[in-house]
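K.L.:
The structure that follows is given in the form of structure tokens.
Have a look at this one:
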């Protein structure tokens, strides 16, 4: 009987053990699947992050490629500025002498140039010399004033100017522009009202109101020389152009000084065509070549 009672217990124990093993296996499988799922999520997140980093890398690479020339240019600019700063001391030491030299050369230029606005231009040079002698004026301000004066002088070379003024003449030298019928004592000077025409720095001319007398200033001879009838007609044409009384045109006139680096003194006596490129007079800031 005892044997018969014990026999049903063995299968029950076996079944219970098998059930526990099955449950344990299922639990392990579930845990393994959970780890696999977690690993897949992490992998997908890592792949997404990698793609984002790759996109950022491409963007930064393009940005660096575009910025490289600018950085090179800025580096060159910094080098130039550093060199300028290093040379600043030498520049400060040389600036006073340079300013005095510029003013000296400006005076020489005005004295040797065509005799127009002489008092005004010489007064400008005198004011610059006084400016440089003033210890309260900074070199920066002095440099600005000197360069402005040079720009003004250079602008005269691009202007067509016409005005009425007095012409002084000394007949004792044989260079008088006055009529020979007028008598005067030796050494006496005469002044006559005439119309002046200036074409840049190429030519300076005058014409009497009646148009019977005219002259061209010759820089090498430092004197007025007479114009013939055709040349006086050209001066009259230029005066009317300057006063907006006719359209621009070419003027065939002798020049006041040789033109060009290889020009000779004899070139002054050869008539040239002077082109009036725009209308108007000096007051209108017009150009003449």
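In our numbering, the protein residues as written are 1 to 289. The C-beta atom is built at its ideal place from N, Cα and C for all residues, glycine as well. These numbers were taken from a predicted model, which means no experiment stands behind them.
1. Near residue 100, which residues of its chain fall below 7 Å by C-beta distance, leaving aside the five closest residues on each side in sequence?
2. Assign residue 237 to buried or exposed, taking buried as 16 or more other Cβ atoms, counted over all protein chains shown, within 10 Å of its Cβ.
3. Determine the DSSP secondary structure at residue 81, reduced to helix, strand or coil.
4. Any chance you could list the alpha helix (DSSP H) runs of at least 4 consecutive residues sitting entirely within the segment 114 to 150, in chain order?
5. How many angstroms separate the CA atom of residue 191 from the CA atom of residue 208?
6. Starting from residue 296, trace the beta strand (DSSP E) in both directions and tell me its first and last residue.
7. Are the CB atoms of residue 158 and residue 203 nearer to each other than 8 Å?
8. Strictly by DSSP, which residues pair up with residue 193?
9. I'd like to confirm something about residue 53: is its beta-carbon nearer than 7 Å to some heavy atom of the ligand ADP, or not?
10. For residue 198, which three-state DSSP category applies?
11. How would you call residue 63, buried or exposed, if buried means at least 16 neighbouring beta carbons within 10 angstroms?
12. Alpha carbon to alpha carbon, how far is residue 129 from residue 103? Give it in angstroms, no decimals.
13. Just confirm the distance between the C-beta atoms of residue 106 and residue 149, as a whole number of angstroms; I'd bet it's less than 8 Å.
14. Near residue 95, which residues of its chain fall below 8 Å by C-beta distance, leaving aside the five closest residues on each side in sequence?
15. Assign residue 185 to one of two classes, buried (16 or more other C-beta atoms within 10 Å of its C-beta) or exposed (fewer than that).
16. Tell me whether residue 226 sits in a helix, a strand or coil according to DSSP, three-state version.
17. Using the three-state DSSP reduction, which class does residue 157 fall into: helix, strand or coil?
18. In the structure shown, what three-state DSSP assignment does residue 238 receive?
19. In three-state DSSP terms, what is residue 97?
20. What are the boundary residues of the beta strand (DSSP E) that residue 214 is part of?
21. Hey, out of 194, 122 and 34, whose CA is closest to residue 239's CA?
22. So for residue 203, helix, strand or coil by DSSP?
23. Report the three-state DSSP secondary structure of residue 208 (helix, strand or coil).
24. Taking the alpha carbon of residue 256 as the point to measure from, which residue in 117, 221, 17 and 211 has its own alpha carbon closest?
25. So, using beta-carbon positions, are residue 225 and residue 211 closer together than 8 Å?
P.N.:
Inspection of the coordinates gives the following:
1. The sequence position of residue 100 within the chain shown is 100, counting from 1. 132.
2. Here residue 237 refers to the residue found at position 237 of the chain shown. Buried, by the Cβ-count rule.
3. Locating residue 81 in the chain shown gives position 81, where the first residue counts as 1. DSSP places residue 81 in helix when its eight states are reduced to three.
4. Fully enclosed alpha helix (DSSP H) runs of 4 or longer: 118 to 133.
5. Position 191 of the chain shown holds residue 191. Position 208 of the chain shown holds residue 208. In a straight line, the C-alpha of residue 191 is about 12 Å away from that of residue 208.
6. Nothing can be reported for residue 296: it is not among the residues displayed for the chain, which extend from 1 to 289.
7. Residue numbering aside, residue 158 sits at position 158 when the chain shown is read from its first letter. Residue numbering aside, residue 203 sits at position 203 when the chain shown is read from its first letter. Contact flag unset, no.
8. Counting from one through the chain shown, the residue named residue 193 turns up at place 193. Answer by DSSP bridge pairing, in chain order: 166.
9. Only the bare structure without any ligand can be found here, which leaves the ligand ADP out of the picture.
10. Numbered from 1 along the chain shown, position 198 holds the residue referred to as residue 198. Three-state DSSP puts residue 198 in a strand.
11. The residue labelled residue 63 in the question sits at position 63 within the chain shown. Exposed.
12. Sequence index remark: in the chain shown, residue 103 carries index 103 (1-based). Sequence index remark: in the chain shown, residue 129 carries index 129 (1-based). Those two C-alpha atoms are separated by around 7 Å.
13. As a first step, residue 106 is located in the chain shown; it is residue number 106 there, counting from the start. As a first step, residue 149 is located in the chain shown; it is residue number 149 there, counting from the start. Contact holds; Cβ gap of about 6 Å.
14. One-based indexing of the chain shown puts residue 95 at position 95. Excluding residues within five positions, the ones whose Cβ falls inside 8 Å are 139 and 143.
15. Looking up residue 185 in the chain shown gives position 185. Its pLDDT being 38, under 50, residue 185 is placed unreliably in this model, and the coordinates cannot settle the point.
16. In the chain shown, residue 226 corresponds to position 226, counting from 1. Under the three-state reduction of DSSP, residue 226 is assigned to strand.
17. What you label residue 157 is simply residue 157 of the chain shown in a count that begins at 1. Three-state result, residue 157: coil.
18. Stepping through the chain shown from its first residue, residue 238 is reached at position 238. Note: residue 238 maps to helix in three-state DSSP.
19. What you label residue 97 is simply residue 97 of the chain shown in a count that begins at 1. Residue 97 falls in the helix class under three-state DSSP.
20. On the chain shown, position 214 is the one that residue 214 refers to. Looking at the DSSP string, the run of the beta strand (DSSP E) that includes residue 214 is 214 to 218.
21. Residue numbering aside, residue 239 sits at position 239 when the chain shown is read from its first letter. Cα-wise, what sits closest to residue 239 is 194.
22. Translated into positions along the chain shown, residue 203 becomes position 203. In this structure, DSSP gives residue 203 an extended state, which the three-state scheme calls strand.
23. On the chain shown, residue 208 is found 208 positions in, with the first residue counted as 1. Here residue 208 sits in coil by DSSP.
24. By 1-based counting over the chain shown, the position of residue 256 is 256. Checked all of 117, 221, 17 and 211; the closest Cα to residue 256 is 221.
25. Position 225 of the chain shown holds residue 225. Position 211 of the chain shown holds residue 211. Contact flag unset, no.
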